[in-house]
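Colleague: Residue numbers (our numbering), protein chains in the order written: chain A, 1 to 252; chain B, 253 to 504.
A virtual CB, placed ideally from N, CA and C, is assigned to each residue, including glycine.
2 protein chains.
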Amino acid sequence: MKRERIEEIAEILDKRGKMTLEQLEEVFPNVSQMTLRRDLFQLEEDGRIIRIRGGAMSVKEVQKVSGEEYTKKTTINTDAKIVIAQKAAGLIDANSSIFLDGGTTAMYLSKEMPDLKCNIFTNGIAVAMELAQKKNVNITIVGGQLMRENLSTASPAAREYFDRTNFEIAIVSATAFTPEQGFSCNSQIESELLKNVFTKARNVYMMLDSSKIGKINPYTFARIEDIDVLITDDHFPKEYKELFESKNIVVM
Amino acid sequence: MKRERIEEIAEILDKRGKMTLEQLEEVFPNVSQMTLRRDLFQLEEDGRIIRIRGGAMSVKEVQKVSGEEYTKKTTINTDAKIVIAQKAAGLIDANSSIFLDGGTTAMYLSKEMPDLKCNIFTNGIAVAMELAQKKNVNITIVGGQLMRENLSTASPAAREYFDRTNFEIAIVSATAFTPEQGFSCNSQIESELLKNVFTKARNVYMMLDSSKIGKINPYTFARIEDIDVLITDDHFPKEYKELFESKNIVVM
DNA sequence: TAAAGATTGTTAAAATTTCACACGGAGTAA
DNA sequence: TTACTCCGTGTGAAATTTTAACAATCTTTA
């Protein structure tokens, strides 16, 4: 019932390209507007249509298919993250090998980075999907159990995996930082994974937006000394900047 | 002034894909919302963007996202695939361990399956993301290099990975089938991976929509005898059904 | 410099979407 | 059967976004 209706809507939309809700109501007189809205919403989630004011249009109409959107968490400190991602994007050179974590900042980095021939390792599947849009990037995913909260994988087996893998730089982010506790995150296996990453990477770049400062999460995976470069936004406090620089860490 | 601003908006939008008016206001703090609206309106007339509720999205975004090939596939034979997925969904019991491939049929299966406490292994990241919406499913991703065309991973290392992993049933699909060549796919590493899966799985369920019949792809990964159950749609030819049943394979 | 046209800002009204809650049917277990 | 849950659905008010109209400002050119 629902399924069929949605399918039919998609078909009509693919055919006509674009329709208003009013028109849809004429086609489906026996359901309420709200139901049609919800159908459109679902179709949008599936990437088959784009909802526009007053109705929807087929994705095909715009040329070929598309889909996939990021989740709703994209509102938290978005701007800071984009700024950071842009800075980090400048660090990616052709032919380099890079580890990227699965966080939302890495997600933005994936969008912002140039489409260069390079190798990227990641444990974030959303990140991987985003990267898949680049034509030249070679993507490798670290396997393991999937954590729902952040769409990242982690597994004890990752260690052996890294034994066979080389990368020059690691670009990661933390969900919390204090000078005393260092960089921390919410998952123990993830923190273990990151520790492994650090032993393999020649240079560690930490992306940290200023909202993370002063927060503490259960699992510390790096101390200040463990990183080489800190990438942050414009609201990063001076005292902290000096703290990092006093330990010879570049703050950008 | 106006021209440049519009140009800049288009650029940013092409880059970020999507933006709200609010975000645009932050980027252009010295013009009013109405002006930005008018700019978007003009860009829409030029066919460069699509205005959506609350903002706009780049036309390029819609064209490129999700690597054309993949989503294109998702629209072919949708109905058959959903039917198949629903049948397969009935096979999933609580506490079972299941391998699922990364194909589009598996994608539908992920949508259709009940939210039971079970373990699912997959090499498809789109499948994994879909599954992540279930509360109770424990998801494990097989790591390796990501193939753009189907958003699946595969790697020679997967073999060792499977050595430490157990699952009762494997539910996979093929992109081509003939009685002579058996089930085949487009990627050699993927075919290797599936062969490994078959050695571990106690039961193999093959999902095959009837449009795949008579097609041949480069890499055969299973013969008729290798599977236990064939899940297909209503258009599956009788001769084929009898062929399978003559070899003691259940056709459903 | 004046006048016309383009661009922008401001406000209220109109249109659309979202949200929250309620209802009824299908399925399930006691 | 009865009670209970889950899912799809309907409803109306609230919130948000868009439109439209007009005033203010800036540009250009005669």
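(1) Per DSSP, what kind of secondary structure is residue 562(B) in: helix, strand or coil?
(2) Mind pulling the chain A residues with CB within less than 8 Å of residue 381(B)?
(3) I'd like the ranges of any beta strand (DSSP E) spanning at least 3 consecutive residues and lying wholly in the stretch 153-232 of chain A.
(4) Would you mind working out which of 399(B), 395(B), 402(B), 407(B) sits nearest residue 153(A), comparing C-alpha positions?
(5) Considering only residues of the stretch 76-140 of chain A, which uninterrupted alpha helix (DSSP H) runs meet the minimum length of 4 residues and lie entirely inside it, listed in chain order?
(6) With DSSP run on the structure shown, which of helix, strand or coil describes residue 394(B)?
(7) So with CB distances below 8 Å, who are the chain A contacts of residue 268(B)?
(8) If the criterion is Cβ atoms closer than 7 Å, does the pair residue 226(A) and residue 209(A) meet it?
(9) Only counting the same chain, and skipping five residues up and downstream in sequence, which positions put a Cβ closer than 8 Å to that of residue 504(B)?
(10) Given a threshold of 16 other Cβ atoms within 10 Å of its Cβ, counted over all protein chains shown, does residue 197(A) qualify as buried or as exposed?
(11) Under 9 Å between beta-carbons, which chain B residues line up against residue 140(A)? List them in chain order, please.
(12) Given this structure, state the Cα-to-Cα distance separating residue 426(B) from residue 280(B), to the nearest angstrom.
(13) Which residue from 350(B), 360(B), 380(B) puts its Cα closest to that of residue 370(B)?
(14) Identify every residue that forms a DSSP beta bridge with residue 308(B).
(15) Could you check what DSSP says for residue 1(A) in three-state terms: helix, strand or coil?
(16) Can you say whether residue 419(B) is buried or exposed, counting buried as having 16 or more other CB atoms within 10 angstroms of its CB?
(17) Can you tell me which of 308(B), 286(B), 497(B) puts its alpha carbon nearest to the alpha carbon of residue 271(B)?
(18) Cβ closer than 7 Å: which chain A residues qualify as neighbours of residue 384(B)?
(19) Looking at the structure shown, is residue 34(A) part of a helix, part of a strand, or coil, going by DSSP?
(20) Pull the bridge partners of residue 399(B) from the DSSP assignment, please.
(21) Should residue 507(B) go down as buried or exposed, given a rule of 16 or more other Cβ atoms within 10 Å for buried?
(22) Just checking, does the stretch 120-137 of chain A make contact with the stretch 91-111 of chain A on the three C-beta pairs under 8 Å criterion?
(23) Just the Cα atoms here: how many angstroms apart are residue 457(B) and residue 193(A)?
(24) Could you have a look at residue 259(B) and say whether DSSP puts it in helix, strand or coil?
(25) For residue 279(B), list the residues DSSP reports as bridge partners.
(26) Is it buried or exposed, residue 346(B), if we count other Cβ atoms within 10 angstroms and call 16 or more buried?
(27) Which value, in whole angstroms, describes the spacing of the CA atoms of residue 428(B) and residue 435(B)?
(28) Rounded to the nearest angstrom, how far is the Cβ of residue 423(B) from that of residue 495(B), given a contact under 8 Å?
Modeller: Quick look at the numbers:
(1) The question about residue 562(B) has no answer here: the residues shown for chain B are numbered 253 through 504.
(2) Position 129 of the second sequence, counting from 1, holds the residue named residue 381(B). Correct list: 125, 126, 129, 151.
(3) 169-173, 176-178, 182-185, 203-207, 219-222, 229-231
(4) As a position in the first sequence, residue 153(A) is number 153, starting the count at 1. Of the candidates 399(B), 395(B), 402(B), 407(B), the one whose C-alpha sits nearest the C-alpha of residue 153(A) is 395(B).
(5) 78-89, 104-112, 125-131
(6) Taking the first residue of the second sequence as 1, we reach residue 394(B) at position 142. DSSP places residue 394(B) in coil when its eight states are reduced to three.
(7) Here residue 268(B) corresponds to residue number 16 of the second sequence, with the count starting at 1. By Cβ distance, chain A contributes 82, 111.
(8) Position 226 of the first sequence, counted from the first residue, corresponds to residue 226(A). Position 209 of the first sequence, counted from the first residue, corresponds to residue 209(A). Contact: no.
(9) To locate residue 504(B), count along the second sequence from 1; it is residue 252. Answer for residue 504(B): 339, 481, 482, 483, 484, listed in chain order.
(10) Translated into the one-based positions of the first sequence, residue 197(A) becomes position 197. Flag for residue 197(A) reads buried.
(11) Indexing the first sequence from 1 puts residue 140(A) at position 140. Within 9 Å Cβ-Cβ: 395, 396, 397, 398, 405, 407.
(12) For the purposes of this step, residue 426(B) is taken as the residue at position 174 of the second sequence. For the purposes of this step, residue 280(B) is taken as the residue at position 28 of the second sequence. Roughly 51 Å separates the two Cα atoms.
(13) For the purposes of this step, residue 370(B) is identified with residue 118 of the second sequence, where counting begins at 1. Selected option, being the one with the closest Cα: 350(B).
(14) The residue given as residue 308(B) occupies position 56 in the second sequence. Answer is 271(B), 303(B).
(15) Indexing the first sequence from 1 puts residue 1(A) at position 1. Three-state DSSP puts residue 1(A) in coil, outside helix and strand.
(16) The residue you call residue 419(B) lines up with position 167 of the second sequence. Per the 10 Å Cβ criterion, buried.
(17) For the purposes of this step, residue 271(B) is taken as residue 19 along the second sequence, with counting starting at 1. When only C-alpha atoms are compared, the closest one is 308(B).
(18) Here residue 384(B) refers to the residue found at position 132 when the second sequence is read from its first residue. By Cβ distance, chain A contributes 146, 148, 151.
(19) Counting from one through the first sequence, the residue named residue 34(A) turns up at place 34. In the structure shown, residue 34(A) sits in a helix (DSSP, three-state: H, G or I).
(20) Taking the first residue of the second sequence as 1, we reach residue 399(B) at position 147. The partner list for residue 399(B) (beta bridge, DSSP) reads 404(B).
(21) As displayed, chain B neither begins before 253 nor continues past 504, which places residue 507(B) out of reach and without an answer.
(22) yes
(23) The sequence position of residue 457(B) within the second sequence is 205, counting from 1. The sequence position of residue 193(A) within the first sequence is 193, counting from 1. Distance between the alpha carbons of residue 457(B) and residue 193(A): 34 Å.
(24) Here residue 259(B) refers to the residue found at position 7 when the second sequence is read from its first residue. Residue state, collapsed to three classes: helix.
(25) Along the second sequence, read from residue 1 onward, the residue named residue 279(B) stands at position 27. Partner(s): none; residue 279(B) has no beta bridge.
(26) One-based indexing of the second sequence puts residue 346(B) at position 94. Exposed, since its Cβ has fewer than 16 Cβ neighbours within 10 Å.
(27) Mapped onto the second sequence, residue 428(B) falls at position 176. Mapped onto the second sequence, residue 435(B) falls at position 183. Spanning the two alpha carbons is a distance of roughly 6 Å.
(28) As a working note, residue 423(B) is residue 171 in the second sequence. As a working note, residue 495(B) is residue 243 in the second sequence. That pair is no contact at about 21 Å.
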